[in-house]
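J.:
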Amino acid sequence: MTVVVERPRFERRAASPARTLGIGVAAPRLSWRSSSPDPSWTQAAYEVEVSRRGLVEVFAVESRESVFEPWPGAPLTSREEAEVRVRVRAGDDSPWSEWSAPARVDAGVLDAGEWIAQAVGPGPQPADRDGRPALLRREFEVPAGITRAVLRATALGLFEAEINGRRVGDDTLAPGWTAYEHRLRVMSYDVTDLIQPGPNTIGAWLADGWYRGRIGFDGGVRELYGDQTAFFAELELTGPDGGTTVVATDGSWVTHPSPILRSGLYDGERFDAAERLPGWSRPGFDATAWSPVTVTTLDPALLVAPDGPPVRCTGERTPVSITPLDGGRLLLDFGQNLAGRLRLRAAHSTAGETITLRHAEVLQGGELYTRPLREAAAIDEYVADGGPIDWEPRFTIHGFRYAEVAGWTGDPRDLEVVARVHHSDMTRTGTFETSDPLVNRLHENVLWSMRSNFVDIPTDCPQRDERLGWTGDIQVFTPTAAGLYDVSGFLASWLKDVAAEQLPDGTVPWYVPVVPGGPYWTPIRPGAVWGDAAVLTPWDLFQHYGDRRVLADQYDSARAWVDLIEREAGASRLWESGQQLGDWLDPTAPPEDPTVAQTDKYLVSTAYFEHSARILGRIAAELGNDADAVRYSGLADEVRVAFRAKHMLAGGALANHAQTAYALAISFGLFDADELPAAGERLRDLVAENGYRIGTGFAGTPLIAGALSTAGQTDAAYRLLLERECPSWLYTVLSGGTTIWERWDSQLPDGTVNPGEMTSFNHYALGSVAAWMHDTVAGVSALEPGFRRFRVAPQPGGGLTWARRTLETPYGPVTSSWTIADGVFDLVVDVPTGTTAEIVLPSGAATTAAPGRHRFAEPATAGEPVTVP
């Protein structure tokens with residue numbers, strides 16, 4: 001028997017690279033996956049081999065666990081690197097597996113007092129425009145024999161580093177957007193291959209980004225965090241004797257304006273090729289005309305290691321059509337709404353010509369329709385110098401499907417334009433596909449909206465003058481997100497900023513990081529659905545990944561939120577105050593007021609109060625805080641009683657007869673068990689009376705299909721999913737949408753754009769129905785955190801003849817694949833090593849499956865299951 005152990009991963013970092021740099025903790029937790037052809041094999045013990053400082057230690061642990069296991073040895077020290085291997089066995093008499101492939105981990109700088117670098121930059125710039133990015137450089141000597149070189153860098157703004165004329169790393173928009181007053185990420189790069197004996201040069205591009213540039217809506221704000229950009233870096237050079245030399249940013253660096261004349265995240269970039277400085281980051285460059293840098297203040301206590309992956313280019317798309325327009329313009333359709341940038345390439349150009357790139361999500365009248373961009377110009381410009389072109393903007397990003405190219409005077413065939421897709425480079429973990437092409441396209445739309453909006457933080461949209469980390473959007477979408485990508489580190493990082501930006505009274509901001517938002521959003525006031533992200537998002541992550549640390553890290557934040565709502569509700573236990581958005585963007589809401597809804601906003605707030613209190617009680621129990629577990633579970637019971645007294649009628653009915661009202665009450669367990677069938681019938685009837693068109697907004701849409709299934713009305717959920725008339729999910733698909741829209745009718749049936757101010761064509765929140773596809777259509781859901789135990793219980797319907805779901809869990813890959821043919825329902829399930837699955841067939845027949853591949857069959861309508869070898 002062969003047991004294979006994959007290379008271990010550290011904390012929430014991806015397992016694929018052999019080396020994890022800048023982990024940021026002295027005792028990083030370990031996770032690994034094992035696989036065995038023997039379905040009875042179960043890990044009973046493991047050994048971890050740690051090699052560091054020339055010493056090899058092996059630590060034996062009796063445990064069946066393999067996810068987020070404690071660091072076994074002495075804590076790492078700053079900048080220390082260790083190599084780790086793992087092997088496992090089933091019991092005392094069993095042989096050990098082969099060792100896993102080794103994984104190296106680097107601790108980064110763990111003590112703020114150890115930093116020696118100073119933050120340096122070009123000094124103050126005008127605040128009334130998108131600032132001109134700067135170049136910074138320094139030359140230094142390197143002796144022969146360097147064995148390791150690591151660059152640790154960050155910026156007040158955005159940076160890209162170069163060493164000896166070569167780009168450092170492949171990430172973009174570094175170091176990302178955090179609540180800069182509380183946390184600033186330091187990026188670590190292995191640059192050993194870029195260093196050479198003798199003269200060397202390190203340089204950096206430095207731009208405003210979120211730190212100093214314009215961000216937010218209603219005109220936005222500039223210089224929110226500071227009026228000077230700055231670069232902060234230490235280059236660690238390890239010699240053959242193990243000694244380390246550090247080249248740090250300080251007053252000896254020099255600076256010069258870059259060829260980028262303007263740069264803003266919303267408005268785009270203008271690049272003048274004639275102002276390029278060839279060789280500026282190589283040794284020997286004449287920098288006599290450069291100016292001394294300005295040294296600025298940066299508190300090293302703010303510096304933290306990244307929890308998740310950086311933003312990268314994850315793909316490219318070529319135009320599916322190019323249409324000539326008047327004035328020599330070219331209209332490009334990339335066939336997919338996305339977040340990213342355009343890259344231009346040409347063998348030659350005309351000196352002085354300006355190639356202008358405009359971006360939009362939709363067309364109207366055959367032209368780019370830019371009104372939905374509001375005050376984001378989304379224009380990039382390249383001023384040619386007569387030479388070849390190979391250019392992509394560096395410090396901006398746009399949301400678009402269509403682009404217009406103007407100003408190119410050559411043959412259109414000589415200009416190559418490619419859309420480069422950018423988002424946080426998360427590992428894809430989940431897939432879903434069915435026999436219905438429209439459902440598949442809908443699922444792809446959800447996927448693309450997630451990719452477009454997971455750009456360092458979970459934004460609402462990638463195109464207009466907003467792009468903020470709305471707490472409500474991600475709260476409802478987290479189960480879907482975790483079913484598509486590994487978002488454990490990405491969202492754990494953002495949640496730290498949620499806690500940091502939370503007000504002293506417990507109020508959770510509408511969006512994080514916080515940006516002034518006009519009188520409606522400022523000052524910050526508590527609101528249900530949005531603020532509940534402090535409780536529900538950590539819990540969803542725990543359920544999916546089994547990481548209790550995210551619960552512990554966010555516990556004070558979650559408790560502060562529920563305590564605030566308890567005070568707001570008072571003795572009545574009904575939350576009927578605050579700035580409640582209710583069922584935001586209910587399809588009946590007028591364009592000018594998205595809060596107008598069919599569902600009572602105070603029903604929504606009180607239901608969420610009960611739910612968050614209930615979940616907080618479970619979080620407390622998971623953390624061993626028994627007193628709080630009792631307290632918050634008891635509070636949830638009190639709120640439930642109050643909700644029922646205020647909002648329920650006899651026999652499973654609600655006073656507020658609306659789709660979202662029933663979806664919330666069913667999903668949050670506010671009906672008693674004997675009331676549930678009648679409640680499900682009432683919700684089904686509401687949906688049917690509406691022609692199976694959707695009648696829910698942000699609060700109800702993520703829950704309605706699941707609520708119908710929970711109450712025994714899965715057939716109605718399928719009809720809701722498959723409805724084609726507006727408002728519906730498939731209406732967006734049939735209207736040509738390639739992402740999820742902000743409004744159900746962002747595009748009206750006549751093809752024109754909704755006149756409302758908020759008409760984004762790339763918002764993921766209403767795509768939360770994908771979680772129901774994963775959990776019900778394919779039937780895969782966790783029974784224990786991290787999928788140590790899981791259920792496969794597909795519920796076919798809607799005329800689908802097959803569906804397939806794959807999911808990379810912390811323990812290994814899960815597959816649920818079913819078909820209906822010739823009157824037989826056939827299900828194939830893959831169960832990872834070390835896990836068990838509860839299989840429930842459509843007939844209700846259930847069995848438990850051990851690791852391995854299993855096949856089950858039964859008549860498509862009813863009958864006992866037949867296990868097929």
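Take the sequence shown: its position 731, counting from 1, is numbered 731 in full-length UniProt numbering, and each next residue is one higher. Virtual Cβ for every residue (Gly too), placed ideally from N, Cα, C. Keep in mind that this is a model prediction, so the values were computed, not measured.
Measuring alpha carbon to alpha carbon, tell me which of Ile666, Leu581, Leu623, Ile116 ends up nearest Ala301.
T.: By one-based count along the sequence shown, residue 301 stands at place 301. For Ala301, the nearest C-alpha among the options comes from Ile116.
J.: Closest to Gln659 by C-alpha separation, out of Glu725, Gly578, Thr201, Val604, would be which residue?
T.: Taking the sequence shown and counting its residues from 1, one reaches residue 659 at position 659. Closest option to Gln659, Cα to Cα, is Val604.
J.: Quick check on Glu864: does DSSP put it in helix, strand or coil?
T.: As a working note, residue 864 is residue 864 in the sequence shown. In this prediction, Glu864 has a pLDDT of 43, which is less than 50 and means its spatial position is unreliable; nothing more can be read from the coordinates.
J.: Where does Val641 land, buried or exposed, given buried means 16+ other C-beta within 10 angstroms?
T.: As a first step, residue 641 is located in the sequence shown; it is residue number 641 there, counting from the start. Burial call: exposed.
J.: Going by beta carbon distance, what residues of the same chain come within less than 8 Å of Glu568, once the five residues before and after it are set aside?
T.: For the purposes of this step, residue 568 is taken as residue 568 along the sequence shown, with counting starting at 1. Pro526, Trp575, Ser577, Gly578.
J.: Using a 10 Å radius around the Cβ and a threshold of 16 neighbouring Cβ atoms, would you call Arg166 buried or exposed?
T.: Residue 166 sits at position 166 when you count from the first residue of the sequence shown. It counts as exposed.
J.: Report the three-state DSSP secondary structure of residue 870 (helix, strand or coil).
T.: Here the chain covers residues 1 to 869 and nothing more, so residue 870 does not appear.
J.: Where does Ala699 sit, in a helix, a strand or coil, going by DSSP?
T.: Within the sequence shown, residue 699 is the residue found at index 699, counting from 1. Coil, per DSSP.
J.: Give the secondary structure of His422 by DSSP, where H, G and I count as helix, E and B as strand, and everything else as coil.
T.: As a first step, residue 422 is located in the sequence shown; it is residue number 422 there, counting from the start. Reduced to three states, the DSSP call for His422 is strand.
J.: Give the straight-line distance between the Cα atoms of Val246 and Glu466, rounded to the nearest whole angstrom.
T.: By 1-based counting over the sequence shown, the position of residue 246 is 246. By 1-based counting over the sequence shown, the position of residue 466 is 466. When rounded, the distance between both Cα atoms is 40 Å.
J.: Ends of the beta strand (DSSP E) at Gln364?
T.: Stepping through the sequence shown from its first residue, residue 364 is reached at position 364. 362-364 is the span of the beta strand (DSSP E), which, as asked, contains Gln364.
J.: Have a look at Pro72, Gly91, Asp93 and flag the residue whose alpha-carbon is nearest the alpha-carbon of Glu83.
T.: Taking the first residue of the sequence shown as 1, we reach residue 83 at position 83. Considering only alpha carbons, the answer is Pro72.
J.: Would DSSP call Glu622 helix, strand or coil?
T.: Working through the sequence shown from its first residue, we reach residue 622 at position 622. Of the three classes helix, strand and coil, the one that applies to Glu622 here is helix, per DSSP.
J.: Quick one: Cα of Thr696 to Cα of Thr588, how far?
T.: What you label residue 696 is simply residue 696 of the sequence shown in a count that begins at 1. What you label residue 588 is simply residue 588 of the sequence shown in a count that begins at 1. Approximately 9 Å between the Cα atoms of the pair.
J.: Is it the case that the segment 362-376 contacts the segment 455-466, given that we only count it when at least three CB pairs across the two stretches are under 8 Å?
T.: Yes: at least three Cβ pairs fall under 8 Å.
J.: What separation, rounded to the nearest whole angstrom, lies between the Cα atoms of Ser817 and Ala782?
T.: For the purposes of this step, residue 817 is taken as residue 817 along the sequence shown, with counting starting at 1. For the purposes of this step, residue 782 is taken as residue 782 along the sequence shown, with counting starting at 1. Approximately 17 Å between the Cα atoms of the pair.
J.: Which of helix, strand or coil does DSSP assign to Asp171?
T.: The residue you call residue 171 lines up with position 171 of the sequence shown. Three-state DSSP puts Asp171 in a strand.
J.: Which residues in the same chain have their Cβ closer than 6 Å to the Cβ of residue 870, if we skip the five residues on either side of it in sequence?
T.: Since the displayed the chain opens at 1 and closes at 869, residue 870 lies outside it and no answer follows.
J.: What alpha helix (DSSP H) runs, 4 residues minimum, are completely inside the segment 442-509?
T.: Here the runs fully enclosed are 471-482, 488-501.
J.: Can you tell me where the beta strand (DSSP E) with His854 in it begins and where it stops?
T.: Here residue 854 refers to the residue found at position 854 of the sequence shown. 852-859 is the span of the beta strand (DSSP E), which, as asked, contains His854.
J.: Considering only the beta carbon of each residue, do Thr229 and Leu156 sit closer than 8 Å?
T.: In the sequence shown, residue 229 corresponds to position 229, counting from 1. In the sequence shown, residue 156 corresponds to position 156, counting from 1. Cβ distance < 8 Å, so Thr229 and Leu156 count as in contact.
J.: Going by DSSP, what residues sit across from Ala346 in a beta bridge?
T.: Walking along the sequence shown from the start, residue 346 turns up at place 346. Ile389, per the DSSP bridge assignment.
J.: Please report the straight-line C-alpha distance between Val861 and Asp822, rounded to a whole angstrom.
T.: Taking the first residue of the sequence shown as position 1, residue 861 is located at position 861. Taking the first residue of the sequence shown as position 1, residue 822 is located at position 822. As written in the sequence, residue 861 is Thr, which differs from the Val given in the question. Spanning the two alpha carbons is a distance of roughly 12 Å.
J.: In this structure, does DSSP put Glu181 in helix, strand or coil?
T.: The count along the sequence shown starts at 1 and reaches residue 181 at position 181. Correct three-state label for Glu181: coil.
J.: Could you pull the DSSP bridge partners for Leu585 from this structure?
T.: Here residue 585 refers to the residue found at position 585 when the sequence shown is read from its first residue. Note: Leu585 sits in no beta bridge, so no partner.
J.: Can you tell me which residues form a DSSP beta bridge with Asp750?
T.: As a working mapping, residue 750 is identified with position 750 in the sequence shown. Beta-bridge pairing links Asp750 to no other residue.
J.: Could you compute how far the alpha carbon of Glu11 sits from the alpha carbon of Pro412?
T.: Looking up residue 11 in the sequence shown gives position 11. Looking up residue 412 in the sequence shown gives position 412. Their Cα atoms are separated by approximately 49 Å.
J.: Please classify Thr77: is it buried, with 16 or more other beta-carbons within 10 angstroms of its beta-carbon, or exposed?
T.: Taking the sequence shown and counting its residues from 1, the one referred to as residue 77 is at position 77. Exposed.
J.: Starting from Arg549, trace the beta strand (DSSP E) in both directions and tell me its first and last residue.
T.: Working through the sequence shown from its first residue, we reach residue 549 at position 549. Premise fails: Arg549 lies in the alpha helix (DSSP H), 548-569, not in any beta strand (DSSP E).
J.: Return helix, strand or coil for Pro869, following the three-state DSSP convention.
T.: Taking the first residue of the sequence shown as 1, we reach residue 869 at position 869. Only weak support is given to the placement of Pro869: the predicted model assigns it a pLDDT of 41, under 50, and the value that follows is read from those uncertain coordinates. Pro869: coil per DSSP, three-state reduction.
J.: Assuming His544 is part of the alpha helix (DSSP H), what are its boundary residues?
T.: Locating residue 544 in the sequence shown gives position 544, where the first residue counts as 1. Residues 533-545.
J.: What's the C-alpha gap between Pro462 and Asn762?
T.: Against the sequence shown, residue 462 aligns to sequence position 462. Against the sequence shown, residue 762 aligns to sequence position 762. So the two alpha carbons sit approximately 7 Å from each other.
J.: Please specify which runs of the beta strand (DSSP E), each continuous and at least 3 residues long, are wholly inside the segment 287-336, giving them in chain order.
T.: Fully enclosed beta strand (DSSP E) runs of 3 or longer: 294-296, 311-317, 321-324.
J.: Classify Gly797 as helix, strand or coil using the three-state DSSP reduction.
T.: By one-based count along the sequence shown, residue 797 stands at place 797. Looking at Gly797 - three-state DSSP - the assignment turns out to be coil, as it is neither helix nor strand.
J.: Measure the Cβ-Cβ separation of Arg137 and Gly203 and say whether it is below 8 Å.
T.: Mapped onto the sequence shown, residue 137 falls at position 137. Mapped onto the sequence shown, residue 203 falls at position 203. A contact, by the Cβ cut-off of 8 Å.
J.: Do Asp425 and Pro310 have their C-beta atoms within less than 8 Å of each other?
T.: Within the sequence shown, the letter at position 425 stands for residue 425. Within the sequence shown, the letter at position 310 stands for residue 310. Yes, Cβ-Cβ distance for Asp425 and Pro310 is below 8 Å.
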